[in-house]
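In terms of this note's numbering, the sequence shown is residues 9 to 214. Even for Gly, the Cβ is constructed at its ideal location relative to N, Cα and C. Since the model is a prediction, treat every value here as computed from it, not as a measurement. Below is one structure, written out as structure tokens, with a few remarks after it.
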Amino acid sequence: MTYIDHSTDSGEFWLYGYGQDHRGTPEAPGRVVTLIERSFWEQLTDHHDSAPNRVWGVAYRIKADKVAEVKDYLDIREINGYTIHYAPFYPSDGSEPIRTLVYIGTPDNDQFVGPQDPQALAAHIRKSRGPSGLNIDYLLGLEKALDELGPESGDVHVTDLSDRVRAIIAAEQEASDDVISSQPSAVSNNFQRETSVKEQETEKTE
């Protein structure tokens, strides 16, 4: 999550979210989205064609008496490896843009992964989980949220990753069904035991 700060006379605070959560562990980090400067992005070798010039999100107005608490929390959560930038936020209703304070990720951060092979990335997301839940729940929730924000807010890369993860889950389920169907049935085992008992009784009578 990142936030934007729009100071008003009332002391209210604007919070802007693009969705980050704890979906891994230090030993097995999950994967979440971040914002980076376009100049940094242009230096990367990307694996998809999705490169929109705008970022869609939601702005929340925080009550004045909660501003300090929210900012302290976000500073602890976001400041490691991020730099602060000011950028305009354009409401979808066409009203005046809001001056925003945004935490942006930097490629020199140890947690910055950069572009990855999409299939390998999907497999990593499938198996990752952390204190806040499964990495796949984060990804699929992000896809749903982006699709619902507006007609242009969907992200090709996020949707592609979600489709790959769904395909991995379907393949795992199919493999699991095959294993179950190949096991001997309980009826067959019972029949074999019953036959063994009958053979023992026959031996006794003879």
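Report the residue from the options whose alpha carbon sits nearest the alpha carbon of residue i.
i: N117; options: E35, T167 and L43; result: L43
i: S170; options: G158, A128 and S140; result: A128
i: T108; options: G102, P99, Y94 and T114; result: Y94
i: K135; options: I70, Q181, S47 and I177; result: I177
i: P37; options: P139, D125, K152 and P105; result: P139
i: G113; options: W49, E35, S184 and V78; result: W49
i: V41; options: I144, V78 and P99; result: I144
i: W64; options: S100, I133, A183 and F120; result: S100
Would DSSP call residue i helix, strand or coil?
i: A95; result: strand
i: A67; result: strand
i: I176; result: helix
i: R2; result: Here the chain has residues from 9 to 214 only, and residue 2 is not among them.
i: T42; result: coil
i: G149; result: helix
i: V164; result: helix
i: L52; result: coil
i: V110; result: strand
Taking the straight line between their C-alpha atoms, what separation do you get for residue i and residue j?
i: L142; j: E160; result: 27 Å
i: L150; j: D186; result: 32 Å
i: K71; j: E180; result: 46 Å
i: Y146; j: D168; result: 15 Å
i: Y81; j: N61; result: 29 Å
i: P123; j: D73; result: 40 Å
i: A175; j: A130; result: 10 Å
i: A153; j: P126; result: 21 Å
i: V121; j: E77; result: 30 Å
Which residues share a DSSP beta bridge with residue i?
i: Y90; result: G113
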